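Residue 1 is where the sequence shown starts when you use UniProt numbering, and the numbers rise one by one after that. Even glycine gets a Cβ: it sits at the ideal position worked out from N, Cα and C. Bear in mind the structure is a predicted one, so any value in this text is a computation, not a measurement. Structure record follows, encoded as structure tokens.
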Amino acid sequence: MQTILESNGQIGHELAKELYNNYTKEIRLVSRKPVKINETDQIIVVDLMNYNPTLNAIAGSEIVYFTVGLPMNAKLMEEQFPVIIQNVLKACTVNNTKLVFLIILICIPKLLKHSLRTHRLSPKGKNQFCERN
1 MQTILESNGQ IGHELAKELY NNYTKEIRLV SRKPVKINET DQIIVVDLMN YNPTLNAIAG
61 SEIVYFTVGL PMNAKLMEEQ FPVIIQNVLK ACTVNNTKLV FLIILICIPK LLKHSLRTHR
121 LSPKGKNQFC ERN
């Protein structure tokens, strides 16, 4: 079983199609409001802020793909992202599941050196999360 956390985003959606077409039909899509992408997809409604539902959603998975994205909001990132990461890491450890991170790193200025973006992003807040200028 391949499980995609927060499967509704662009990365999760494309990953689900790619896995289905080239690897396996056993795909579990996890989100607060999951949408079936392929005909054989399992969908599970989970808020990753809650550990036990996260643990249950990951159970039986060989690989979990972390495609979670939060709005570009420093306060929200500071409050929720560490909890989500902790829940997912703990659940993967308990279930002996491999974890793959697939996230867009647009908020790390040093990595933007060669970016083709037309707008500027700059860090805000004590943890240097960014907001669009």
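Alpha-carbon to alpha-carbon, residue j and residue i
i: residue 112; j: residue 20; result: Its pLDDT being 48, under 50, residue 112 is placed unreliably in this model, and the coordinates cannot settle the point.
i: residue 32; j: residue 64; result: 16 Å
i: residue 23; j: residue 43; result: 18 Å
i: residue 45; j: residue 51; result: 13 Å
i: residue 60; j: residue 47; result: 18 Å
i: residue 79; j: residue 90; result: 18 Å
i: residue 97; j: residue 75; result: 30 Å
i: residue 13; j: residue 2; result: 13 Å
Buried or exposed by the 16-neighbour rule on C-beta atoms within 10 Å, applied to residue i
i: residue 129; result: Confidence is the limiting factor: at residue 129 the pLDDT is only 47, short of 50, which leaves the residue's position unreliable, though a coordinate-based value still follows. The residue in question, residue 129, is buried, as its Cβ has 16 or more Cβ neighbours within 10 Å.
i: residue 88; result: buried
i: residue 34; result: buried
i: residue 83; result: exposed
i: residue 54; result: buried
i: residue 86; result: exposed
Close Cβ partners of residue i (< 8 Å) along its chain, the five nearest in sequence each way excluded
i: residue 16; result: 4, 7, 27, 29, 37, 38, 41
i: residue 25; result: 38, 40
i: residue 62; result: 1, 2, 97, 98
i: residue 49; result: 80, 83, 84, 87
Own chain residues within Cβ distance below 6 Å of residue i, not counting five before or after
i: residue 101; result: 66
i: residue 11; result: 67, 102
i: residue 95; result: 58, 59
DSSP bridge partner residues for residue i (one or two, in chain order)
i: residue 3; result: 28, 64
i: residue 99; result: 64
i: residue 45; result: 31
Cβ neighbours of residue i in the same chain (closer than 7 Å, five flanking residues each side left out)
i: residue 92; result: 58, 64, 99
i: residue 9; result: 67, 69
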